[in-house]
Amino acid sequence: MARSLAAFPLLLVIGAVIASAVYDEEDSVGRAYFLVHDLYPGSKMTLHFTGAATGAPALPRARAESIPFTSTKIPEILSRLSVPAGSPAAAAIRSTLKECEAPPLDGVVAQLCATSFKAMADFAASCLGTRDDGATPRLARSWRQVYVVDSVRPTPVSGGDMVACHRMPYPYAVFLCHTTTATLYTVTLAGADGTKADARTACHKDASPGISWPTYKKLGVAPGSVPVCHFLPQDSMLWMRN
């Protein structure tokens, strides 16, 4: 059977009026969480579709692998990338390398910081057992407005496992990729201006490494007791078998 890898559309969640939704103090992208029973036709959310983000440039694999990517060689990295030692960009490099070198969180079977799209695709293929890949189109940009949920449809996940890749702050494109499991839904949204959009949301039944204990506490549920859902953060992708 033919298999493919798919990268899901992205949503920037600015706010929501779904019952039980919680946000961190910065309302940052992908930090809105809600319970699965709050996602139903007729529920309302205030959303901002950001479309494709420019982000840092992607390097060819050979070029990326010629540059050191380890905290033991930060001076050389800064020199090669012409980044001033005391700059915010240098601090971002140190932070990303520290996170990339940290051991995987509980529940993560495999993890890798991919420094090129080819490395990311190869990692996903090795975890999922397929090399046929593709990507769904990104959502068009729109302003912040109220959306009503028209429908919620389960999205089958062959084998149940996926690879999530999150863009990290770095002078060139770097993605922190890890295995994950979740129930996926395709959500059709109708905007106040009449536009419609399909989006994806992931709901984690088990305690998810990406969801902190304070989030569960704010939602009023224990980890693993009920599915906790979120939209995919900006500049993140989910790879899955078709």
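All the letters of the sequence shown, read from the start, carry residue numbers -21 to -1, 1 to 221 under mature numbering (1 follows the signal peptide of the UniProt record, and there is no 0). Even for Gly, the Cβ is constructed at its ideal location relative to N, Cα and C. Values in this document were obtained by computation on a predicted structure and should not be read as measured data.
Taking three-plus beta-carbon pairs below 8 Å as touching, is the region 134 to 142 in contact with the region 190 to 204?
no
Three-state secondary structure assigned by DSSP to Pro193:
As a working mapping, residue 193 is identified with position 214 in the sequence shown. Pro193: helix per DSSP, three-state reduction.
Start and end of the alpha helix (DSSP H) containing Pro133?
For the purposes of this step, residue 133 is taken as the residue at position 154 of the sequence shown. Careful: Pro133 lies outside any alpha helix (DSSP H), inside the beta strand (DSSP E) at 124 to 134.
Cross-strand partners of Cys144 (DSSP beta bridge):
On the sequence shown, residue 144 is found 165 positions in, with the first residue counted as 1. DSSP, once it has assigned bridges, lists Cys156, Met216 as partnering Cys144.
May I ask you to list the residues that DSSP assigns as paired with Pro87?
For the purposes of this step, residue 87 is taken as the residue at position 108 of the sequence shown. In the sequence as displayed, the identity of residue 87 is Val instead of Pro. None; Val87 has no bridge partner.
When the Cα of Asp214 is compared with those of Pro20, Val15, Pro36, which residue comes out closest?
Here residue 214 corresponds to residue number 235 of the sequence shown, with the count starting at 1. Closest by alpha carbon: Pro36.
Quick one: grab the DSSP three-state call for Ser58.
Within the sequence shown, residue 58 is the residue found at index 79, counting from 1. Three-state result, Ser58: helix.
Mapping the DSSP letters down to three states, classify Lys184 as helix, strand or coil.
Within the sequence shown, residue 184 is the residue found at index 205, counting from 1. In the structure shown, Lys184 sits in coil (DSSP, three-state: anything other than H, G, I, E or B).
Taking Ala41 as part of the alpha helix (DSSP H), name the residues at either end of that continuous run.
Counting from one through the sequence shown, the residue named residue 41 turns up at place 62. Residues 40 to 44.
Pick out whichever of Asp129, Val205, Thr165 has its Cα sitting closest to the Cα of Gly173.
Position 194 of the sequence shown, counting from 1, holds the residue named residue 173. The candidate whose alpha carbon is nearest that of Gly173 is Asp129.
Could you give the DSSP three-state label for Pro116: helix, strand or coil?
The residue labelled residue 116 in the question sits at position 137 within the sequence shown. With a pLDDT of 39 at Pro116, under the threshold of 50, the predicted position of this residue should be treated as unreliable, and no value is reported.
Quick check on DSSP: helix, strand or coil for Val15?
Position 36 of the sequence shown, counted from the start, is the residue given in the question as residue 15. If DSSP states are grouped into helix, strand and coil, Val15 belongs with the helices.
Boundaries of the beta strand (DSSP E) in which Ala169 is found, first to last residue
Position 190 of the sequence shown, counting from 1, holds the residue named residue 169. Element bounds for Ala169: 162 to 170.
On the criterion of 16 or more Cβ atoms from any shown chain inside 10 Å, does Ala81 qualify as buried, or is it exposed?
The residue you call residue 81 lines up with position 102 of the sequence shown. The residue in question, Ala81, is exposed, as its Cβ has fewer than 16 Cβ neighbours within 10 Å.
Could you give the DSSP three-state label for Leu198: helix, strand or coil?
As a working mapping, residue 198 is identified with position 219 in the sequence shown. Reduced to three states, the DSSP call for Leu198 is helix.
Once the 5 residues before and after Val207 are set aside, which same chain residues still bring their CB inside 8 Å of it?
Within the sequence shown, residue 207 is the residue found at index 228, counting from 1. The residues are Tyr12, Phe13, Leu14, Val15, Cys182, His183, Ser187, Ile190, Thr194, Tyr195, Leu198, Val200.
Reduced DSSP secondary structure (H/G/I, E/B, other) of residue 224
As shown, the chain starts at -21 and ends at 221. That puts residue 224 outside it, with no answer to give.
Could you give the first and the last residue of the continuous alpha helix (DSSP H) run that contains Phe102?
As a first step, residue 102 must be located in the sequence shown, where it is residue number 123. Counting along the chain, the alpha helix (DSSP H) containing Phe102 begins and ends at 96 to 107.
Residues near residue 223 by beta carbon distance below 6 Å, same chain, minus five either side
Beyond the ends of the chain as shown, which are -21 and 221, falls residue 223; an answer cannot be given.
Comparing alpha-carbon positions, which option in Ser105, Arg73, Ala178 lies nearest Arg132?
For the purposes of this step, residue 132 is taken as residue 153 along the sequence shown, with counting starting at 1. Checking every option, the nearest Cα to that of Arg132 belongs to Ala178.
Just how far apart, CA to CA, sit Ser58 and Cys106?
Position 79 of the sequence shown, counting from 1, holds the residue named residue 58. Position 127 of the sequence shown, counting from 1, holds the residue named residue 106. Their backbone Cα atoms lie some 34 Å apart in a straight line.
Residue of Met147, Asp185, Thr94, Met216 minimising C-alpha distance to Ala41:
Working through the sequence shown from its first residue, we reach residue 41 at position 62. When Met147, Asp185, Thr94, Met216 are compared, the shortest CA-CA separation from Ala41 is found for Thr94.
Rounded to whole angstroms, what's the CA-CA distance from Asp101 to Gln90? Just pull it up for me.
The sequence position of residue 101 within the sequence shown is 122, counting from 1. The sequence position of residue 90 within the sequence shown is 111, counting from 1. So the two alpha carbons sit approximately 12 Å from each other.
In whole angstroms, what separates the C-alpha of His157 from that of Ile72?
The residue you call residue 157 lines up with position 178 of the sequence shown. The residue you call residue 72 lines up with position 93 of the sequence shown. Using only the alpha carbons, I get a separation of about 20 Å.
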